[in-house]
Each structure stands twice: as C-alpha cells, then as structure tokens.
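Data block below; observations after.
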Amino acid sequence: METAAYVPAINLHGILPFISLLAGGMLCLAADAMSGKEGSRRILPVISFVALAAALVSFLLPGYPTGSFLENTFYSDSFSRLGCIVILVSAIATTLMGPRQVIRRNLPSGEYYTLIVFAALGMVLLALANEMLSAFVALEIMSLSLYVLTGIDRRSGKSAEASFKYFILGAFASAFFVFGSGFLFGSTRTTFLADAHNYFATRGGNMPEGAEMWAFIAFGLVFVGLCFKLSLAPFHMWAPDVYEGANTPTTLYIATGSKVAAFAFLIHFAHAFSSWQIFTAPVTFIVGLIAVASMTWGNIAAIVQSNLKRMLAYSSVAQTGYMMIAVMVLVALPSLQAAGNLNATTIANDTTLIYNAISLYLAGYTIISILAFGIAFHIGGEGSMAAYRGLFHRKPFAAVGMAIAMFSLSGLGFLPPTIGFIGKFYLFKEAVRFNMTGIAVIGILTSVIAAFYYLSLIVTMFMKAPDEENGIELAGRREERIAGLGGGDAIVRVMLATATALIFVLGLYPGLFTGLAAKAVTTKPMTTAMVKK
Amino acid sequence: MPLLSLIIFAPIAITLVGAIFSPPKQMRLVALVSMLVGLALTLFAACTQFDWSGNHTAIVQVYGDSAQSSFQLRESIQWLSDFKISYIVGADNLSMLMVILTAVLGVFGVLCSWKAIDRREKEFYIYLLLLQTGIMGTFLALDMFLFYMFWELMLIPLYFMIGIWGSANRLYATMKFVLYTLVGSVLMLIAIIWMYFNNGATVDGVDTLTRTYSYEVMLATQQGSAAATFHHALWPFLALFLAFAIKVPLFPLHTWLPDAHTEAPTAGSVILAGVLLKTGGYGIIRFCLPLFPEAAVSFAPAITWLAVIAIIYGAWTAIVQTDIKRLVAYSSVSHMGFVILGIFSMNPQGMAGAVLQMINHGISTSGLFLAIGMLYERAHTREMSKFGGLAHTMPVYAALMLVMVLSSVGLPGLNGFLGEFTVLLGSMHNVPMLLDAQNPVSFAAYMNMTHYTWLVAGLATTGVIFGAVYLLILYQKTFFGKPAGAHDDHSHDAHHGDSHGHGGSYPDLSIREWGQLAVLGVAALFIGLYPKPVWKAIAPATRDALAPVATTLDKRIAELPNPGVKLASIQSETRLAAK
C-alpha cells in the first residue's frame with residue numbers, strides 16, 4: 005500500500021457522477037422544503053432527472069477514468085461502467101414514472117425523489133467499489149433508501165409489510181456482508197480488493213495457519229450478503245413480498261438497479277479471489293449450485309403465482325440465476341487455464357467475451373424489465389391478474405408491449421431476435437465454449453418451464469374475454485383523473501416505446517452494444533498471475 | 008433478384024401493409040393476395056430459375072470459410088457478425104419441393120378461413136402469414152442459427168391461432184403444443200451451439216476446428232474427413248432428432264398433435280398437418296443424416312421400431328376415435344411414421360418414398376382437414392355419430408372427400424399408394440438393420456433373425472390395412488346410412504340458423520370450397536398416375552441425403568467381423584445409395 009503521500013489523488017471526472025447525484029439529492033431536499041406540495045410535485049422530478057442524467061452523461065463521456073481511482077477505493081472498467089449506465093437508466097425510468105405514482109397514491113414527493121437519487125448514488129458507488137468498507141457504505145446508502153421507498157406508501161398495509169420484511173432481512177444480509185469483510189481483513193490484512201488479489205497471488209499457496217479457512221468464510225459471508233441483494237435462491241424469500249408490496253416504480257428499481265449494482269460488485273469481489281488457486285474449484289461448484297437452484301426454483305414457483313408482480317419476482321430470481329452461469333464460467337477460467345485448456349493469449353479475449361455476455365444480459369434484462377414493469381405501472385392495479393384479463397381488447401398496445409416483454413424475458417427466440425434471446429444465447433454459448441454444456445442444458449430446460457407462465461400471461465391478455473364491460477376500477481384511477489392524467493402520460497409512453505424499440509434494435513444488432521462494451525475499456529481479466537506453490 | 012427472400016418475406020410484408028389500410032372484413036382478400044403473390048413467386052422460382060437436375064455446385068464463402076455447395080438461388084448477408092451468424096438462404100430439390108407444397112397450402116389456408124373466421128380477422132391473417140414466413144424460412148435457411156430463428160417463429164403464430172380461434176379446449180391444447188415443441192427446440196439450440204464450437208476434424212489427435220453456423224460449411228467439413236468431429240457425437244444428434252421427432256411427431260412424443268389438431272381452426276389444422284409436420288422430416292433429412300451419419304446409423308434400428316410402433320399405434324388409435332378431426336390427427340401419426348421408416352431405411356427407395364410420402368401426406372391430410380372444416384362450418388360438430396347419409400345431400404362433397412380418403416388410404420392410382428409402397432419396399436432392405444443383424448452381439452443375431460427387416464416391413468404393412476379400416480369407417484359413418492340429426496339435441500342452434508331446417512341436411516359445397524378440394528384431388532391423381540416428374544425431382548434430394556450415410560455404412564460393412572451371406576445384398580443397397 006502506498007502510504008507516502010497524504011494528498012489524495014482525486015480524479016474529478018471519476019467522482020463527477022457521485023457529486024452530481026449527491027448534489028441532486030440535496031437539491032431535492034432543499035427544493036421540497038422551500039416549495040409547497042404542488043410545487044414540489046412539479047419541480048422535484050425535473051431536479052432528480054437532471055441529476056441522474058448528468059451522472060449518466062459523465063459515465064458516457066469518453067474521458068471517464070479507467071482503473072483504480074480515489075485512493076484505490078474504486079475501480080472502473082468497461083463492465084462496471086456499463087453497470088453504472090444501466091443503473092442510471094433504470095433510475096431515470098423510475099423517476100419518469102414518479103409523477104404519476106406520486107399522484108396515484110398521494111405520496112410525499114420530497115422523500116420519493118430524494119431517495120431515488122440517493123439510492124442511485126449508493127448503487128453507482130457499489131458498482132464501482134473496490135474496497136470493502138466503501139462497498140459497505142454504498143450498500144447501506146442503497147439499501148436504506150430502498151427500504152424507505154418500499155414503505156413510502158403509508159396508507160397501504162402491504163407496502164408497510166414489504167418494507168419491514170425487506171428491512172429485517174436486508175439488515176441480516178448487510179450484517180453478513182460486513183462480517184465477511186472483517187474476515188477478509190483478518191485473513192489478508194487488507195480491505196482493499198486489489199491488495200487482497202495480490203495477497204492471494206503471492207501468498208495464496210502458503211497462507212498462515214487458519215487464514216485459508218477465514219478467507220473462505222469471508223468469501224462465503226460476503227457472497228451470501230450479495231446473493232440476498234441479487235435475490236438468488238435460497239436467499240430470495242423477500243423478493244415476492246417486496247415486489248408485490250412496493251409501488252411499481254420502486255419494484256422496477258429494486259429488480260434492476262440494485263441487482264446490477266450488487267452484481268457488478270460481486271464480479272469485483274470474485275476477482276479478488278481469482279488469483280487464489282484452491283479457490284476456483286469449490287466456488288465454481290457453489291456458484292453453479294446457486295445458479296441451478298435459482299433457475300429451477302424461480303421458474304417453478306413463478307408458475308403458481310396469481311399476482312403479476314409476484315410472478316415477475318420469481319422470474320427475476322430465475323433471471324439472476326442465468327447470470328450466475330456467466331459468473332460460474334468466469335470463476336472457472338483460472339482453473340481451465342491452469343489445466344492447459346486455454347492459453348494465455350486467448351484468455352483476455354475469452355474474458356472479454358464473457359463480460360460482453362454478462363453486460364448484454366444485464367442491459368437486456370433491465371430494458372425488458374422497464375417495459376414489463378412500466379406496462380404493469382401503466383395498467384395499474386398493482387399486479388392483480390384481473391387487470392390483465394382480455395387486456396388486448398381494452399388496451400391493445402399495452403397488451404402487445406407486455407407480450408413482447410414476456411417473449412423476450414423467456415428468451416427463446418420466438419420473435420425475430422430480441423435482446424432477451426440474444427442475451428441468453430450469448431450466455432449459453434459461453435457456457436458451451438468452456439465445456440459447461442450441462443449447466444447450459446439445465447438453464448435452457450428451465451427456460452421452457454418459464455415459457456409456461458410467460459405464455460399464460462399472454463393467454464390471459466389475448467385469449468380471454470375481459471371480466472366486465474367497463475373493466476375494473478383500478479386503485480388510484482380517481483386521483484389520476486382529478487389530476488388530468490386519466491389516460492396515462494406521454495412521458496411514460498415514450499419511455500415504453502423506446503424500451504420496445506431497444507429490445508428489437510439491440511436484438512437484431514447486438515454489435516451496437518457489445519462493440520461498445522468491448523472497445524470502451526479493457527476489463528479486468530479474472531486471472532492474472534497463476535503463481536507456483 | 009433476392010427471389011427466396013421475397014418468397015419468405017413478401018407475403019407477410021404485403022399483409023402487414025394491407026392490414027393498416029383494409030377494413031377487417033376485407034382482410035381475407037389481402038391475405039389471399041399475399042398468399043397468391045407468394046405462390047406466384049414460388050412457381051416462378053421453381054419453373055424458370057431453379058435447376059431440378061441436382062447437378063448444381065458452386066464454391067461459397069461464409070465468413071472466410073469456403074465450401075462446396077449444391078444450393079441454388081443462394082442469398083448471403085453477414086448478419087450478426089459478432090457471432091459469425093449470417094442470413095443465408097438457398098434451395099435444393101428437397102427444400103424446393105417443400106416450399107411449393109407450403110405455398111400451395113398457404114392459399115388454401117386463407118380460402119378455408121374465408122367464412123370460418125368472423126372475428127379479429129386482421130390478427131388471424133397476420134398470424135397465418137407469419138406462420139407461412141416461419142415455415143418458408145425453415146425450409147430455406149442455410150445458417151443453423153437462422154434455421155433456429157425460423158423454427159421458433161413457426162411456434163407463436165400457431166399458438167395464437169389455436170388459442171384465439173380454436174374450439175372449446177383450445178387453451179390447454181395450445182399450451183401443450185408450445186411446451187412440447189419448445190422442449191425439443193431449446194435442446195436443438197444447445198446442439199447448434201455445440202456444433203458451432205466443435206465443427207472440424209481430428210487429425211493426429213488434434214482438433215482443427217472451423218467455427219461456423221453455416222450449414223454448407225459444416226457439411227463440407229464433416230464430409231471432407233473420415234475423422235470429422237461430429238462422427239462420435241451422440242448427444243447433439245439426439246438433441247436435434249428429439250426436436251424433429253416431436254415435430255413429426257414420432258410415437259412416444261406425439262401426444263400434443265391430436266389435441267392441437269382437434270382444437271385448431273381449420274386453417275391451423277391444414278397448415279399444421281400439411282406443412283408443419285414436414286419440417287420435422289425435413290430437418291431429419293437435412294441435418295441429422297448428413298451431419299451425424301455415425302449416430303444416425305447407430306440409432307436407426309431403434310428409431311425404425313419407434314416408427315413401426317407409430318404406424319400401428321396411430322392407426323389403431325384412429326380406429327376408435329369418434330371425433331373426425333381426432334381420427335385424422337391420429338392418422339397423421341401413422342402416416343408420418345412411414346416417413347421416419349423410409350428415412351431410416353437408408354436406401355434410395357426408402358428415402359425417396361419418405362420424401363414422396365411427405366408430399367402425399369401434405370396433399371391428402373390437408374385435403375381431409377379442409378373437407379372436415381367445411382363440414383364443421385355447417386354442422387358445428389365433429390362427432391362422427393352426428394352425421395350420416397351426407398352422400399345424398401352433398402354429392403359433390405362426398406365425391407371429393409372420397410378422393411381424399413382413398414388417397415390417404417393408399418389406393419393404387421392415387422398418390423398415397425406410391426409413397427407408402429416405396430417406403431415399404433425400402434424398409435425391407437433397411438440397411439442399418441441388416442447390418443445390425445450381422446453383428447454377432449446384437450439381439451437380432453442372438454435370435455437368429457437375420458431377416459427381420461421383413462418383420463418390420465410386414466408390421467408396417469398392417470398399418471396400411473388399418474388405415475383403410477379407420478378411413479373407410481369414417482367415410483361410411485358420415486356419408487352413408489340414414490341422415491342423422493346433426494344438432495337436434497344441441498343447444499347451439501343459434502350459431503347456424505341461416506341455412507338448414509332439418510337435421511343432417513346441409514347445402515353442398517360452394518365453388519370456393521370444391522375448388523380447393525378439386526385442386527388437391529387433381530394433384531393426388533396426377534402424382535398417382537404419372538409420378539415420373541416427381542420422382543425425378545426427388546432423386547437428387549435422395550442422393551444428397553444418403554451420400555454421407557453411405558460412406559458410414561460402407562465403413563461399417565468393412566468392419567464386420569463375420570461377413571455373412573446377406574452382405575452382398577447390403578453392399579449393393581449401399582452402393583445404390585452412394586451413387
């Protein structure tokens with residue numbers, strides 16, 4: 005560690021997104037205090053949108069630093085940067101849905117927008133974090149904001165219940181996380197992941213008595229904490245209740261933003277251990293086990309759900325399970341390399357391909373989720389299936405949009421390739437490339453199970469008649485009509501149309517995306533020095 | 008001119024544009040025009056642009072990999088270049104025959120929906136044309152990934168067609184159809200990915216791999232070397248075969264078909280029976296045999312037995328059906344069993360018979376479904392017991408139906424006979440089974456059954472006999488005897504109050520209706536009486552499909568520890584195949 009200079013080397017561009025988000029959040033608070041109820045309903049979405057957009061732009065600008073910055077506490081590579089972009093896109097989508105949600109349930113707009121921006125700050129920090137304590141702080145900023153956002157609808161019992169469950173279980177997960185960080189420090193004498201990586205590379209073969217076990221426990225505890233955030237089976241119990249109880253924009257935010265952030269950090273964290281030789285085999289196995297459990301259980305449990313948001317919760321358990329296939333391949337790379345199955349010249353290339361696959365999958369998942377939850381939000385009714393019976397007859401565009409979302413979530417290439425299909429295809433392809441055909445087969449067979457409930461929703465929307473002539477009076481419709489939003493609002497429509505277009509454009513030309521990802525910055529190869537014992 | 012792309016995409020494009028401008032009631036016209044344009048393009052391609060001699064070869068380049076290709080009218084565009092996926096379409100004799108069948112039946116698909124579809128017309132015809140696109144693409148795609156895309160594209164339109172316009176139990180049927188087909192096709196996707204990574208040859212223990220999704224390059228690589236990597240691959244073969252066998256459908260995997268057929272609207276049944284099932288047979292001939300000859304030969308005896316079971320089981324089950332559509336659906340299981348039997352005989356007769364049987368089944372079974380649809384439009388029931396004496400009231404219908412029934416039965420002089428007869432002929436010289444019987448450790452040798460191909464052929468022949476039983480029962484019960492009150496004890500008279508007063512008497516066919524059946528009847532008669540042009544068109548397809556298998560068979564014969572007496576005949580069979 006460098007201890008010579010105490011002048012912090014600050015890369016201003018690197019922290020520009022943080023500054024913009026922090027300032028945006030503060031500004032929201034101040035503006036809320038200074039303006040009345042109506043005023044803050046108008047002005048806060050603008051402020052938070054500008055803050056999020058500014059952060060997004062600063063990530064998109066070509067000069068964004070790569071590698072470690074801010075005293076090694078953060079690390080930016082093309083993957084985590086892309087993660088941040090995806091996070092901010094999902095935050096912006098949440099904000100765009102905000103005005104209508106605030107009116108619908110008469111929510112306090114001050115807290116609402118402020119917390120969205122702060123949660124985005126936490127997510128971005130987490131996605132870039134390369135040091136355990138920073139990561140923990142980021143995790144807590146994110147989590148606390150999301151707990152409150154979940155329970156912000158004080159008049160709804162379900163919302164309060166969801167928030168409470170999320171908080172209690174989330175606090176447990178955070179405890180695991182911080183406990184694991186302690187163990188990491190105990191075994192490697194550092195909380196910096198880059199240093200831990202070096203430690204494992206140089207001393208991994210002859211660690212002090214007991215340190216090996218501590219290191220494993222460290223990984224296990226932190227991994228469990230992250231699995232909770234990623235709602236991977238068997239740590240997914242909170243997801244259905246929270247998805248159902250939270251207001252729909254927040255559900256979208258939890259399903260996409262927080263998952264992407266946790267996922268990006270998981271990659272950084274796993275990278276720290278990847279230079280440790282005895283690590284790969286057991287962890288590949290555990291990651292594979294969790295992937296299989298999530299894909300299977302998520303998809304099976306989703307079948308019996310009678311609420312759309314609960315169904316999407318289980319479906320997102322499964323979707324994250326698919327992502328874990330890529331993590332499994334990534335973790336297994338060093339051992340494949342050691343076994344001589346890969347040569348050093350191609351491994352960087354291979355790693356890039358896997359990162360590309362994950363990036364594409366994450367981006368696809370987020371875009372499709374924006375479409376699915378966006379339409380669920382547009383329809384209203386908090387996911388009750390009754391709102392979807394014969395939807396095609398009442399709102400054909402919404403029904404077609406939802407059908408597109410379902411088809412591409414199922415990822416089976418029914419349509420001309422959607423991003424959902426290409427994402428899955430890419431993941432399975434990478435798994436087969438490294439002779440992990442077994443898990444690819446399990447993955448694709450579970451996706452047939454998934455097709456059942458995705459198609460069931462389409463049956464409900466297209467092949468059944470609506471319940472009554474005038475449909476059902478959905479909660480919050482009266483408030484909307486009073487506010488002049490009876491027919492929905494144009495911004496959400498544009499957002500949904502954009503998401504639909506992106507699903508197809510990126511599906512037909514994934515090169516637009518993967519090319520960007522590959523060229524932007526090189527990623528951290530999962531394995532660097534394979535050190536002799 | 009990108010003729011094949013036009014065949015695939017022009018009809019759906021016309022329909023989509025037309026759907027914007029036309030009122031719902033006129034949508035059928037738009038669809039008809041689209042289908043006719045597709046048919047015209049197809050006939051133009053087949054008659055003037057396509058060389059049926061089968062001698063066409065050219066060197067093609069796909070992402071820098073070159074290969075000898077016998078496909079004509081090729082179009083090639085680099086599509087997803089990150090993944091080395093391209094848009095390649097091309098036709099050979101086999102696919103051209105299937106494309107013609109598809110184009111013709113597509114027109115009938117619109118015509119038979121003319122009056123039957125009276126709600127949500129725009130959607131219906133869009134789905135119908137989308138289905139047509141998927142099927143055409145499946146027959147013409149030469150890139151494995153593209154093939155998979157089109158394969159999946161076939162699924163969803165039919166899912167909607169059955170689910171929205173189907174009869175009472177439609178939601179169950181449509182879900183079953185999709186899930187069954189999906190299981191096969193997703194495994195096919197994994198197999199395709201595996202093929203991408205493992206295409207090549209093992210030379211001196213080192214794999215030299217050409218990663219490609221191009222079928223032509225794969226074929227060239229796999230045939231070019233005796234040590235090709237696919238030769239020892241059983242799982243990819245099984246994954247592909249499962250996908251195709253579900254579609255065909257082969258015996259234990261057939262249970263989706265009766266449900267889907269029974270619940271589908273007439274157009275759905277016609278396309279399903281006429282063309283969709285053929286994609287399975289097509290896939291086996293196109294991919295399973297040439298790319299995985301070793302595995303195909305090894306599994307051939309088992310698959311042949313399944314085909315025999317399908318033939319007999321399908322026929323027996325059809326005998327006891329009371330629902331007319333269900334009966335014809337089970338007859339499809341039986342008839343498509345002949346296709347599999349023919350393919351896995353692995354000799355020219357069997358293969359040619361299988362291809363002809365696919366065409367015949369497309370003609371006769373879709374004719375039957377068309378005819379049943381016409382009856383259903385009048386009576387709103389498919390129960391056989393509700394009909395009787397239709398020959399008196401609907402003479403034209405009875406005559407045309409008779410042609411279809413006899414064609415399906417396999418009466419000499421009509422098309423069905425030729426296909427089934429040739430397949431049976433081929434199955435008597437089922438080469439993999441003869442080989443198997445020569446193998447001293449095989450069950451057949453243990454039982455001293457060196458001639459058990461005769462057993463296979465004999466059992467399969469009973470399928471023809473039972474076929475006559477159920478089809479004649481069908482015809483007898485509905486057309487002869489006393490006119491039965493088709494709907495007097497039913498409550499849904501309101502559906503058809505326009506036409507008929509007394510039970511069992513319906514108006515005879517309109518020009519639109521008998522025209523469809525007449526065209527199919529003429530086709531059946533033509534193939535039955537003068538099959539030469541069809542045989543000539545099929546011959547190159549047979550040769551191409553069997554060439555790689557013949558190499559494998561020759562090798563197996565050379566490896567035989569104890570060349571028996573039958574060897575000479577086996578060899579002559581395979582040499583015929585290799586020719």
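Going down the list, the sequences are from chains P and D.
Residues 5 to 537 (the numbering used here) make up the first sequence, in order.
Residues 8 to 586 (the numbering used here) make up the second sequence, in order.
Cβ coordinates follow ideal geometry from the N, Cα and C atoms, glycine included.
Flag residue i as yes if its beta-carbon sits less than 8 Å from any beta-carbon of chain P, otherwise no.
i	result
aspartate 89(D)	yes
serine 12(D)	no
tryptophan 201(D)	yes
glutamate 167(D)	Before going further, note that residue 167(D) is phenylalanine rather than glutamate in the sequence given. True, the Cβ-Cβ gap to chain P drops below 8 Å.
alanine 17(D)	no
glutamate 270(D)	no
glutamate 159(D)	yes
methionine 225(D)	no
Measure the Cβ-Cβ separation of residue i and residue j and say whether it is below 8 Å.
i	j	result
glycine 4(P)	cysteine 32(P)	Residue 4(P) is absent from the model: chain P starts at 5 and stops at 537.
valine 255(D)	glycine 281(D)	no
threonine 328(P)	tyrosine 365(P)	Just to set this straight, residue 328(P) is methionine in the shown sequence, not threonine. Against a cut-off of 8 Å, the Cβ pair of tyrosine 365(P) and methionine 328(P) comes out as no contact.
leucine 466(D)	isoleucine 319(D)	yes
threonine 22(D)	isoleucine 133(D)	yes
phenylalanine 425(P)	leucine 431(P)	no
asparagine 134(P)	leucine 197(P)	yes
proline 31(D)	alanine 123(D)	no
valine 476(D)	isoleucine 326(D)	yes
glutamate 301(D)	valine 67(D)	no
Tell me the DSSP bridge mates of residue i?
i	result
glutamate 82(D)	Val96(D)
proline 419(D)	Leu421(D)
glycine 71(P)	Ser80(P)
phenylalanine 196(P)	Glu135(P)
asparagine 311(P)	Ser388(P)
leucine 87(D)	Ile92(D)
glutamine 68(D)	Ser73(D)
serine 276(D)	Answer is none; serine 276(D) lacks a bridge partner.
Can you look up residue i in the DSSP assignment and give me helix, strand or coil?
i	result
asparagine 62(D)	coil
alanine 235(D)	strand
glycine 321(D)	helix
valine 255(D)	coil
alanine 493(D)	In this prediction, alanine 493(D) scores a pLDDT of 46, lower than 50, which makes its location untrustworthy; the coordinate-derived value is nonetheless stated afterwards. Coil, per DSSP.
alanine 590(D)	Given a span of 8 to 586 for chain D in the structure shown, any question on residue 590(D) remains unanswerable.
valine 327(D)	coil
serine 12(D)	helix
glutamate 213(P)	coil
proline 235(P)	This sequence places serine at residue 235(P); proline is not what is there. Coil, per DSSP.
aspartate 245(P)	helix
serine 412(P)	helix
Taking only beta-carbon atoms, is residue i less than 8 Å away from chain D?
i	result
leucine 395(P)	no
lysine 399(P)	no
threonine 260(P)	no
glycine 302(P)	no
isoleucine 448(P)	yes
proline 470(P)	no
threonine 441(P)	yes
glycine 292(P)	no
glycine 515(P)	yes
Using a Cβ cut-off of 8 Å, pull out every chain B residue sitting near residue i, in sequence order please.
i	result
lysine 263(P)	As a matter of chain content, chain B is missing from the structure shown, whose protein chains are P and D.
Problem set entry | Sufficient close CB pairs (3 or more, under 8 Å) joining the region 286-299 of chain P to the region 224-242 of chain P | Cβ pair count under 8 Å is three or more, so yes.
For this session: Check whether the region 326-336 of chain D touches the region 383-393 of chain D, counting contact only when three or more Cβ pairs, one atom from each stretch, lie closer than 8 Å.
Result: Short answer: they touch.
Exercise. So, do the region 407-417 of chain D and the region 523-542 of chain D have three or more beta carbon pairs nearer to each other than 8 Å?
Worked result: They touch, by the three-pair rule.
Exercise. Below 8 Å, can you find three or more Cβ-Cβ pairs linking the region 157-176 of chain D to the region 380-393 of chain P?
Worked result: Segments in contact, no.
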